[in-house]
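Going line by line, the protein sequences match chains A and B.
Quick note: the first sequence, position 29, residue 29 per full-length UniProt numbering, numbers continuous.
Quick note: the second sequence, position 300, residue 300 per full-length UniProt numbering, numbers continuous.
Built from N, CA and C at the ideal position, the CB exists for glycine as well.
None of these values were measured; they are calculated from a predicted model.
2 protein chains.
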Amino acid sequence: MVTLEDVARQAGVSLATASRVLNGSTRQVGADLRARVERAADELGYRANMAAQTLARGASNVIGIVVHDLTDPYFAALADGAMRAAAGEGLLVMVGTTHRDPEQEIAYVATMNAQRVRAVLLAGSRVSDPEVTGRLRRELDRYRASGGRVACVGQDLLGVDTVAPANYEGGAALARSLAGLGHIRFAVLAGPPHLMTARDRCAGFVDAVEELGLPGPRIVHGPFDRDGGYTAAAETGDATCVFAVNDVMAVGALASYRDRGVRVPDDVSVAGFDDIATLRDHVPALTTVRLPLADMGSRALELALASGETPTVDHVQGEVVLRESVRDVR
Amino acid sequence: MVTLEDVARQAGVSLATASRVLNGSTRQVGADLRARVERAADELGYRANMAAQTLARGASNVIGIVVHDLTDPYFAALADGAMRAAAGEGLLVMVGTTHRDPEQEIAYVATMNAQRVRAVLLAGSRVSDPEVTGRLRRELDRYRASGGRVACVGQDLLGVDTVAPANYEGGAALARSLAGLGHIRFAVLAGPPHLMTARDRCAGFVDAVEELGLPGPRIVHGPFDRDGGYTAAAETGDATCVFAVNDVMAVGALASYRDRGVRVPDDVSVAGFDDIATLRDHVPALTTVRLPLADMGSRALELALASGETPTVDHVQGEVVLRESVRDVR
DNA sequence: CAAGACTGGGCAACCGCTTTCCGGGGAGGT
DNA sequence: ACCTCCCCGGAAAGCGGTTGCCCAGTCTTG
Numbered sequence: 001m002v003t004l005e006d007v008a009r010q011a012g013v014s015l016a017t018a019s020r021v022l023n024g025s026t027r028q029v030g031a032d033l034r035a036r037v038e039r040a041a042d043e044l045g046y047r048a049n050m051a052a053q054t055l056a057r058g059a060s061n062v063i064g065i066v067v068h069d070l071t072d073p074y075f076a077a078l079a080d081g082a083m084r085a086a087a088g089e090g091l092l093v094m095v096g097t098t099h100r101d102p103e104q105e106i107a108y109v110a111t112m113n114a115q116r117v118r119a120v121l122l123a124g125s126r127v128s129d130p131e132v133t134g135r136l137r138r139e140l141d142r143y144r145a146s147g148g149r150v151a152c153v154g155q156d157l158l159g160v161d162t163v164a165p166a167n168y169e170g171g172a173a174l175a176r177s178l179a180g181l182g183h184i185r186f187a188v189l190a191g192p193p194h195l196m197t198a199r200d201r202c203a204g205f206v207d208a209v210e211e212l213g214l215p216g217p218r219i220v221h222g223p224f225d226r227d228g229g230y231t232a233a234a235e236t237g238d239a240t241c242v243f244a245v246n247d248v249m250a251v252g253a254l255a256s257y258r259d260r261g262v263r264v265p266d267d268v269s270v271a272g273f274d275d276i277a278t279l280r281d282h283v284p285a286l287t288t289v290r291l292p293l294a295d296m297g298s299r300a301l302e303l304a305l306a307s308g309e310t311p312t313v314d315h316v317q318g319e320v321v322l323r324e325s326v327r328d329v330r
Numbered sequence: 001m002v003t004l005e006d007v008a009r010q011a012g013v014s015l016a017t018a019s020r021v022l023n024g025s026t027r028q029v030g031a032d033l034r035a036r037v038e039r040a041a042d043e044l045g046y047r048a049n050m051a052a053q054t055l056a057r058g059a060s061n062v063i064g065i066v067v068h069d070l071t072d073p074y075f076a077a078l079a080d081g082a083m084r085a086a087a088g089e090g091l092l093v094m095v096g097t098t099h100r101d102p103e104q105e106i107a108y109v110a111t112m113n114a115q116r117v118r119a120v121l122l123a124g125s126r127v128s129d130p131e132v133t134g135r136l137r138r139e140l141d142r143y144r145a146s147g148g149r150v151a152c153v154g155q156d157l158l159g160v161d162t163v164a165p166a167n168y169e170g171g172a173a174l175a176r177s178l179a180g181l182g183h184i185r186f187a188v189l190a191g192p193p194h195l196m197t198a199r200d201r202c203a204g205f206v207d208a209v210e211e212l213g214l215p216g217p218r219i220v221h222g223p224f225d226r227d228g229g230y231t232a233a234a235e236t237g238d239a240t241c242v243f244a245v246n247d248v249m250a251v252g253a254l255a256s257y258r259d260r261g262v263r264v265p266d267d268v269s270v271a272g273f274d275d276i277a278t279l280r281d282h283v284p285a286l287t288t289v290r291l292p293l294a295d296m297g298s299r300a301l302e303l304a305l306a307s308g309e310t311p312t313v314d315h316v317q318g319e320v321v322l323r324e325s326v327r328d329v330r
């Protein structure tokens, strides 16, 4: 393993000079020495040891991103946005996948803290359990106490910079659009009761429906993924319009109806949430609420890096996109 | 920032003892001191500084994964498999996204080397340019010279442990299946000419078609993504069966045909490659060649960590999955 | 009961790099 | 010709841990 000392010796200069040449410094180094050092480094195949550099500088150039599930396009898009922004700042990215286990999320914050990453991004829904949230907050505080920066994409529950998708408002806007098409009997594939994102989207939808004087939607809980949507879709009763709280569940629901010979949108209309890019070619095209996921990811990184005294909360509005999976029944 | 020294002082023990208690060691520490140290660490909110630990131990617990594009479900699945395996080994993951730029890939290897990661996984197709491959190899050699381990998912071109999907054979098997259904005039949406994965799949398909004595398929080049498939599908002429070299392109092709009123599979049959999970509910269901992506990712990590003197090459066979996007024309 | 084998605690060297501080030499000013 | 200032090179003190080694005390064991 080639060290800076090897390079310095080979070039016949001091450690200090070699360091200044190779790893940047405010100080100048004479042209001849500089060339000698560079040549030596090249010949020896020197690569700076970042661990040593981080230790000496007291600051790393790594950020951490903690996501629930990278194979879920929602998180992939979010992470991609954040990673692009990070690359733009010359930062490396360490990714932790919790597979939806809140304990894992806490553990990852501790780990990222140990890594002394410059910032941590928490992507993904909070859960409603205040005990878990409390422990997460404590771990975050511990991290921030030693100079770490944190941002979160999701609910503003952690007292940190947050990019908060307007889940409630998005659900409500969608409900109003669907009611505007003449739908009256709704059902919601509501996901898990403890997941805030699912809850907020569902609540916005239900409240809006009720404000319009329509009968309250039938709520069907279940997992937050494709299979959850598939299963839950079997219990939507006589609803003419079904809202799945995310696109992946909506696609599951569509598959379920298809398998059971229920036509969409003729027999039942289906809408989702997120507007996942990979799903845009689905047939029938999915009505949904579009969220600018990549922007949200990069925005979260910006917030984290810039974070000042009082946390900033950015509310991101979704945009209802009507497509052929819902029918106009007026 | 709380250091081990702070903990040791607060607990009234030496640095060595505190280290042995908190960060593991073969040496025993008496129960009372151990308790004192643990309490002090907890009170102070101590987190070991991994940079220091890495430096002192001379080995980090981080691995690097370099992918082309995380929002492409192919890479997401691969990365997820590798990350699960890494988590099982107690390793952290640093992810680099090249956005399909080979120079970026080389740069990331250098960076991962600087980070002294335990292993680097290179996921994704090689390109046919030998100059670029040569530079990548040199960078990898430099990394391995200092004890780094490397594995690759893709073509066995780097002289490292490799998980090699049988792209050529998969393309050929698919061709034989499709010909078996009575198809005669084929077209291939072949992706970019320089991308080995695209090339191999295409070559396998073409060779198999010709071996069967059928007319050579029409080859349409274009980008490796959804839009590439969409555009290329406009030029498939009178082919009755179209092979897109990956699922994402195939979905683009399906969209193109739909937009132009060409019915699939009635007017034209379409097949892809990879069997992307997110796309399994597509309508019509896509005929494809299934690759066990998550397993390939975790396998690559295993290979890298275990890597011995001579590189191992694992060939992974794909499995043809016939679904409704192709028609039996016999 | 003495001697050797363990146990467990602490000192200090070291991991590889950054950066402060010091000093020598050349340029510019008077 | 002398002084000052600036420029640039090097010595050395950290950064926060790990670990080899020494040593005192306790446990066997003949």
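Residues near residue i in its chain [Cβ-Cβ closer than 7 Å; skip 5 each side]
i, result
"proline 284 of chain B", "Val264, Pro265, Glu324, Ser325"
"alanine 110 of chain B", "Glu139"
"arginine 20 of chain A", "Arg27, Val29"
"alanine 11 of chain B", "Ala18, Arg36, Val37, Ala40"
"arginine 142 of chain B", "Asn113"
"tyrosine 230 of chain A", "Gly252, Ala253, Ala255, Ser256"
Backbone secondary structure at residue i - three-state DSSP
i, result
"glutamate 319 of chain A", "strand"
"methionine 1 of chain B", "coil"
"isoleucine 276 of chain B", "coil"
"threonine 236 of chain B", "coil"
"proline 165 of chain B", "strand"
"leucine 303 of chain B", "helix"
"aspartate 207 of chain A", "helix"
"phenylalanine 224 of chain A", "coil"
"glycine 191 of chain A", "strand"
"alanine 48 of chain B", "coil"
"serine 19 of chain A", "helix"
"glycine 96 of chain B", "strand"
"alanine 59 of chain B", "coil"
"isoleucine 106 of chain A", "helix"
"arginine 144 of chain B", "helix"
"alanine 87 of chain B", "helix"
"residue 336 of chain B", "As displayed, chain B neither begins before 1 nor continues past 330, which places residue 336 of chain B out of reach and without an answer."
"valine 67 of chain B", "strand"
"leucine 214 of chain A", "coil"
Within 8 Å, strictly: CB atoms of residue i and residue j
i, j, result
"alanine 51 of chain A", "alanine 51 of chain B", "yes"
"isoleucine 219 of chain B", "cysteine 202 of chain B", "yes"
"leucine 279 of chain A", "valine 251 of chain A", "yes"
"serine 307 of chain A", "alanine 208 of chain A", "no"
"glycine 182 of chain B", "histidine 221 of chain B", "no"
"phenylalanine 224 of chain B", "leucine 254 of chain B", "no"
"alanine 123 of chain A", "alanine 172 of chain A", "no"
"alanine 294 of chain A", "glycine 81 of chain A", "yes"
"aspartate 227 of chain B", "tyrosine 74 of chain B", "no"
"valine 153 of chain A", "alanine 31 of chain A", "no"
"threonine 133 of chain A", "proline 311 of chain A", "no"
"valine 242 of chain A", "alanine 179 of chain A", "no"
"alanine 244 of chain B", "glycine 261 of chain B", "no"
Nearest neighbour of residue i, chosen from the options [CA to CA]
i, options, result
"aspartate 247 of chain B", "B:Leu140, B:Thr288, B:Ala233", "B:Thr288"
"isoleucine 276 of chain A", "A:Asp72, A:Glu38, A:Ala11", "A:Asp72"
"serine 128 of chain B", "B:Asp156, B:Val188, B:Ala173, B:Ile65", "B:Asp156"
"threonine 236 of chain A", "A:Val268, A:Ala56, A:Ser19", "A:Val268"
"leucine 189 of chain B", "B:Pro217, B:Asp32, B:Ala179", "B:Pro217"
"aspartate 259 of chain B", "A:Gly24, A:Asp281, A:Gln104, A:Asn23", "A:Asp281"
"valine 117 of chain A", "A:Gly147, A:Asp314, A:Leu70", "A:Gly147"
Integer Cβ distance of residue i from residue j, believed to fall under 8 Å
i, j, result
"glycine 318 of chain B", "proline 165 of chain B", "7 Å"
"leucine 174 of chain B", "valine 160 of chain B", "Their Cβ separation, rounded to whole angstroms, is 28 Å, which puts leucine 174 of chain B and valine 160 of chain B out of contact at 8 Å."
"serine 298 of chain A", "threonine 197 of chain A", "Not confirmed; about 20 Å, so no contact."
"alanine 119 of chain A", "alanine 304 of chain A", "4 Å"
"valine 7 of chain B", "threonine 17 of chain B", "Going by Cβ atoms, the distance from valine 7 of chain B to threonine 17 of chain B rounds to 10 Å, so no, they are not a contact pair."
"valine 95 of chain A", "valine 67 of chain B", "At roughly 11 Å, the Cβ-Cβ gap does not stay under 8 Å, so valine 95 of chain A and valine 67 of chain B are not in contact."
Same chain, Cβ closer than 8 Å to residue i, neighbours up to 5 away in sequence not counted
i, result
"leucine 158 of chain B", "Leu122, Arg126, Thr133, Leu136, Arg137, Leu140, Val150, Cys152"
Same chain only: Cβ atoms within 6 Å of residue i, ignoring 5 sequence neighbours per side
i, result
"arginine 330 of chain B", "Gly182"
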